[in-house]
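J.:
In the UniProt record's numbering, the protein residues as written are 1 to 82.
(1) What three-state label does DSSP hand residue 46 in the structure shown?
(2) For residue 77 and residue 22, I'd like the C-alpha separation in whole angstroms.
(3) Grab the span of the alpha helix (DSSP H) containing residue 9 for me, first residue to last.
(4) Quick check on the DSSP output: the alpha helix (DSSP H) that includes residue 67 runs from which residue to which?
(5) Inspect the CB distances between the segment 9-17 and the segment 51-71 and report whether three or more fall short of 8 Å.
(6) Please classify residue 48: is it buried, with 16 or more other beta-carbons within 10 angstroms of its beta-carbon, or exposed?
(7) With DSSP collapsed to three states, give me the class of residue 40.
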């Protein structure tokens with residue numbers, strides 16, 4: 001996932017709201033992988049971590065009281081079928 005220096009928060013959250021659960025979880029997975037590639041010295045300049053926080057909020061809004069458990073379950077199911 002490319003690092004969009006000045007991403008539009010409203011547009012990104014609107015896209016998240018329209019996503020299926022698989023798309024939302026896939027976006028989180030991509031962002032987590034992208035965050036691992038961001039060198040520590042460049043983390044302040046990266047939007048990846050802000051996007052992760054927005055996706056976390058979207059997941060928590062869809063699954064109240066479950067935090068990221070549905071995402072973690074999705075990851076486990078996905079990795080056992082690959």
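A virtual CB, placed ideally from N, CA and C, is assigned to each residue, including glycine.
Because the structure is a prediction, the values reported are computed rather than measured.
T.: On the basis of the data shown:
(1) coil
(2) 12 Å
(3) 9-18
(4) Per DSSP, residue 67 belongs to no alpha helix (DSSP H) and is neither H nor E.
(5) yes
(6) buried
(7) helix
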